[in-house]
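The numbering of the sequence shown is this note's numbering, which starts it at 7 and goes up by one.
Don't be surprised by glycine CBs; every beta carbon is placed ideally from N, CA and C.
All values derive from a computational prediction rather than experimental measurement.
Okay, structure first, notes after.
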Amino acid sequence: MKKIISLLLLVGIARGAGEWNPRDYGAQADGRTLDTQAIQSAIEACAKAGGGTVLLTNGVFLSGTLRLRSHVTLCVATGTILRGSAAIKDYESITPQIEYLYRARFTKSLIFAERQEDIALTGGGEIDGQGKLFPAKKGDDGGRPYLVRFSECRNVRVSGLTLRDSARWLSHYLVCTNVAIQGVTIRSRIRENRDGMDLDSCNGVRIANCDIYTGDDSIVLKATAGIPCRNVAVTNCTLSSTASALKLGTESQGGFADVTFEGCTVYDTRDGVSVEEVDGGVCERVRVSGIQMRNVKVPIFVRLGNRANPLPGHPKPGVGRMRDVTITDVNATEAGSSGCSITGVLEQPVENVTLKNIRIKFAGGGTAQDAARAVPEREAAYPKGEMFGTLPAYGFFVRHATGIKLHDLDLSFAKDEARPALVADDVRDLEVQNLRAQSGAAGALIRVGGAKTRGVVLRGSQLNTLKQSILKSADLPADAVVVEP
C-alpha cells in the first residue's frame, strides 16, 4: 500500500512539473530558421504528458502561429526572444468559435489558445511581433496578426515578460475567466490600432504592476460578445497611450460591472480615465481611485452614448445605461485645454456619478466665444475625450445627468481663461461641495442651464464667491439652484 501511495505522489509531482526544450524537436533559435513546428511539437508533448513548461532559452526563436494547450506554460527565459515571423503566410487563419463583433475580420495571431485551461506565458524574456513589418491597409484585417489571443480560456496567467510591437491589438482576452496579468512590460507605440491589453467579455481579471506604452489604448475593457465584462481589477500600473490609458466601453454590447482601476500613473496620453457605454449595454459599479496624471489632454471622460452597433445578425440595441461610477483621488497636471465631461443623451441620463478629491491643472486659454459655444449632442459618434471640441467649461461640462456629486474639486489653469470652471445643463440632483476653482476673466465659476434642471445644490468654502459668480440661463427654473453654507 505504501508503495502505491508513493507512486501516486511521484505521478502527482511529475504532472505539470517537467520541462520541454524545443531544441529537442529541432529548434535552431538562430533568429533566421523558422522554429514554429519545433516549438509546437514541444507544446504538444508537454500537454500529452499532462502539462508542464515549454522553456525557450538562450537564443532568438523565430515562429509563426503557436497554439497553447491546457496545463502548459510557455516560458521565454531572460535574455531570450520569441520573434514573430515577418511572413503573413506563417500565421494560421483561426476564427474563434464564439460569436462576437469582429468574428469574421481578425483571424491571425502569434500565440493562440481556445477553450483551454490552466495556461501561462511567463519568463523574463521578450515576445516581439515585428509589427512594423505589417503596415495597416484599409480592408486588410487579415494582414496584421495579434501577438497574443486567448478565446474562452480558464485560469490564464501572464507574467514577467516584455511584449513588443504587435501588428494590431497586442493581447486580446475574449470571454476568458480567471485571468491574472502581473509584472508585464508592453512597448508597442509604432502606429495606430496597437492596444496593449483588450479584456473582452471576461469575468475575473487581475492586472497589476505592469508598464504599458502603446500606440492605442493601454488597457481597455470591451464587451463584444454580448456578455458583460465584469469583476476586473487594475492596480499599480504605469501607462502611456496615444488614445486612452484606462478605458472601458468603446465596444460595449454586453456592458460592464464591478470594475476597479486603482493606484496607477498615467503620462503623455490623450485620455486618462474613460468610462463609456455606447452600444446598448449596462455599465455599473465602476470605481477609480488614486490616479496620478501628467500631460494628459482629457484626464476624466464619462460618456453614455447611443452609437448602437449591433452584434452580427442582431437588431440594433436600444440606449444603454450608465450608473454608480465613483472617481476619487485624482491628481493631474499639464492637462489639455478642451476640458473634461460627464454626459448622457437626451433620452437617457448618466446616473449616480461621484467625483471626489480631484485636482486638475488645465492648459486654459479658453475664449469668450468658447464659453458661449453650444455643444453638439453627437450621440452616435465614436466616444473619446475631445469628441465635443472645446467645451464651454475649462474644468467639467455635465449634461443629461442625474445624481451627480462633485466634492472637493480643485481646478486651475495655466493661461488666461474666459470660461467658467463648471457648466451644467439638463441635470437633476447635482451636488457641488467644497469647489476650489480658479476664476477667469469673466469671473464666473459655475453656469447652470436647462429647462428640466432641478435640485442643484452648491455648498462649501467658496460660498461668498459663488453667490456672485453663478450664471443662470434664461430657461432655468427659479428654484433649480440652492446655495448652502
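Burial state of residue i (16 or more Cβ within 10 Å)
i	result
residue 103	exposed
residue 353	exposed
residue 219	buried
residue 179	buried
residue 479	exposed
residue 375	exposed
residue 114	buried
residue 206	buried
residue 390	buried
residue 321	exposed
residue 101	exposed
residue 106	buried
residue 285	buried
residue 513	With the chain represented from 7 up to 491, any question about residue 513 goes unanswered, as that position is not in the structure.
residue 385	buried
residue 234	buried
residue 145	exposed
residue 382	exposed
For residue i, three-class secondary structure by DSSP
i	result
residue 235	strand
residue 441	coil
residue 391	coil
residue 293	strand
residue 216	coil
residue 143	coil
residue 31	helix
residue 19	Legend: pLDDT at residue 19 = 31, less than 50; position of this residue unreliable, value from coordinates given subsequently. In the structure shown, residue 19 sits in a helix (DSSP, three-state: H, G or I).
residue 47	helix
residue 114	coil
residue 135	coil
residue 476	strand
residue 94	helix
residue 53	helix
residue 128	strand
Close Cβ partners of residue i (< 6 Å) along its chain, the five nearest in sequence each way excluded
i	result
residue 165	128, 188, 189
residue 279	252, 294, 306
residue 414	362, 363, 440
residue 339	300, 367
residue 193	170, 219
residue 496	Nothing can be reported for residue 496: it is not among the residues displayed for the chain, which extend from 7 to 491.
residue 163	126, 186
residue 330	290, 291, 358
residue 435	408, 409, 461
residue 81	59, 61, 128, 129
Rounded straight-line distance, which links the Cα of residue j to that of residue i
i	j	result
residue 341	residue 275	10 Å
residue 30	residue 79	17 Å
residue 84	residue 168	10 Å
residue 223	residue 484	44 Å
residue 217	residue 486	46 Å
residue 137	residue 110	21 Å
residue 52	residue 405	57 Å
residue 27	residue 33	9 Å
residue 457	residue 481	5 Å
residue 18	residue 74	Confidence is the limiting factor: at residue 18 the pLDDT is only 33, short of 50, which leaves the residue's position unreliable and the question unanswerable from this model.
residue 61	residue 38	19 Å
residue 358	residue 418	25 Å
residue 317	residue 443	44 Å
residue 257	residue 229	6 Å
residue 227	residue 410	24 Å
residue 254	residue 264	12 Å
residue 203	residue 430	34 Å
residue 210	residue 262	12 Å
residue 243	residue 160	24 Å
residue 122	residue 183	11 Å
residue 269	residue 191	17 Å
residue 372	residue 412	22 Å
residue 15	residue 48	Confidence at residue 15 is low in this model, with a pLDDT of 33, below 50, so the placement of that residue should be treated as unreliable; the coordinate-derived value is given next. About 25 Å.
residue 392	residue 344	7 Å
residue 388	residue 54	47 Å
Beta-carbon proximity list for residue i, same chain, < 8 Å, skipping 5 on both sides
i	result
residue 69	40, 41, 42, 45, 88, 89, 90, 91, 96, 116
residue 416	364, 365, 366, 442, 443
residue 259	107, 229, 230, 231, 232, 285, 286, 287, 315, 316, 317, 323
residue 448	374, 377, 424, 425, 426
7 Å Cβ shell around residue i - same chain, five flanking residues per side excluded
i	result
residue 25	58, 59, 61
residue 335	295, 296, 363
residue 149	94, 140, 143
residue 172	135, 137, 152, 153, 194, 200
residue 13	Below a pLDDT of 50, predicted positions are generally treated as unreliable, and residue 13, at 35, falls in that range; the measurement from the model is reported next regardless. If we look at residue 13 and ignore the five residues flanking it on each side, it has no Cβ neighbours.
Near the ligand NAD: residue i beta-carbon under 7 Å from a heavy atom
i	result
residue 78	Ligands displayed in this structure: none; no statement on the ligand NAD is therefore possible.
message: Which runs of the beta strand (DSSP E) at least 3 residues long sit entirely within the segment 147-201? Give them in chain order.
response: 152-157, 160-165, 168-170, 177-180, 183-188, 191-194
- request: Would you list, in sequence order, the uninterrupted alpha helix (DSSP H) runs of no fewer than 4 residues that lie entirely inside the segment 275-321?
  value: none
Continuous beta strand (DSSP E) assignments of at least 3 residues falling wholly in the segment 366-421: 402-421
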